[in-house]
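Below is one structure, written out as structure tokens; comments come after it.
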Amino acid sequence: MENNSGGFSEYDKKIHKFGLISSIIIILTLACVPLAIQLVSGVTPDVGKVLGAMSGALVVFGPVAIIEFLSYTPILGAGGMYQTCITGNTMNMKLPAAQSGQKLAQVEPGSKEADVVSVISIGVSSLVTMTIIFLGMLLAAQLMPILTSKTMAPAFNNLMPAIMGALLVPKIKSDPALASVPCIGAAIVTVVLGYATVTSMQTYLLPVFLILSVAWGYILYKRRQKKQ
Numbered sequence: 066m067e068n069n070s071g072g073f074s075e076y077d078k079k080i081h082k083f084g085l086i087s088s089i090i091i092i093l094t095l096a097c098v099p100l101a102i103q104l105v106s107g108v109t110p111d112v113g114k115v116l117g118a119m120s121g122a123l124v125v126f127g128p129v130a131i132i133e134f135l136s137y138t139p140i141l142g143a144g145g146m147y148q149t150c151i152t153g154n155t156m157n158m159k160l161p162a163a164q165s166g167q168k169l170a171q172v173e174p175g176s177k178e179a180d181v182v183s184v185i186s187i188g189v190s191s192l193v194t195m196t197i198i199f200l201g202m203l204l205a206a207q208l209m210p211i212l213t214s215k216t217m218a219p220a221f222n223n224l225m226p227a228i229m230g231a232l233l234v235p236k237i238k239s240d241p242a243l244a245s246v247p248c249i250g251a252a253i254v255t256v257v258l259g260y261a262t263v264t265s266m267q268t269y270l271l272p273v274f275l276i277l278s279v280a281w282g283y284i285l286y287k288r289r290q291k292k293q
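For what it's worth, my numbering labels the leading residue of the sequence shown as 66, then goes sequentially.
Take a look at the structure:
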């Protein structure tokens, strides 16, 4: 993977080329669904209402998309970001898969090796997900009574906290000082405002804690440099 004059290796160029082509194909495929429904049913959508709904969604999810892109790209790499944007489930599946793969392979996040491991991990995760979904479709009638039972309800209600906790604990153990201020700040805000309020305001709180984490990391970096 030798670098060319532009700073991109052959691997990088192939990743971006394949990622762009795949993204365009997916976008066109998704656009074909409403177009096919329109052609079959003969119903023409109201352009004004469509644009209005899209603008409302853009206001809510636009900042989140930008923040997630800036936050996840250093961890997932270019190939991992293309895969994740196409397949979805970033926070609860693709990001944990990439981080677990990098940890098992003992590679440094942000390195070329980490990018390759991230692509492999997310690819395997996507294949496993599709396999499980396919089996779920075949066995939906048999599995539904089990999945909707009262016994399984606590597990599904705490799925996201369990995943995020599994991601958070290793980070805290690796550098408690770095994780202290963001974690304590988030805990205080949650206690003061309440979990429901924090959940509804996560679009605005995420960039605040992102800036706080970067600022605190910079302060620690300067302090450790002085000590050295």
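By construction, the Cβ of each residue, glycine as well, lies at the ideal position given by its N, Cα and C atoms.
{"Item": "Three-state secondary structure (DSSP) of F165", "Value": "Inspection of the sequence shows that residue 165 is occupied by Ser rather than by Phe. Residue state, collapsed to three classes: helix."}
{"Item": "Neighbour-count burial assignment, Y137, 16 or more Cβ in a 10 Å radius", "Value": "buried"}
{"Item": "Touch test, the segment 80-95 against the segment 132-147, Cβ-Cβ under 8 Å, three pairs minimum", "Value": "yes"}
{"Item": "S74 - DSSP class collapsed to helix/strand/coil", "Value": "strand"}
{"Item": "Cβ neighbours of V254 in the same chain (closer than 8 Å, five flanking residues each side left out)", "Value": "V263, L270"}
{"Item": "V234: first and last residue of the uninterrupted alpha helix (DSSP H) it sits in", "Value": "224-239"}
{"Item": "Separation of I185 from N69, as counted between CA atoms", "Value": "With a pLDDT of 49 at N69, under the threshold of 50, the modelled position of this residue cannot be trusted; read the value that follows with caution. Cα-Cα distance, rounded: 24 Å."}
{"Item": "Simplified DSSP assignment, three categories, for S87", "Value": "helix"}
{"Item": "Environment of D180 [buried if 16+ CB atoms lie within 10 Å]", "Value": "buried"}
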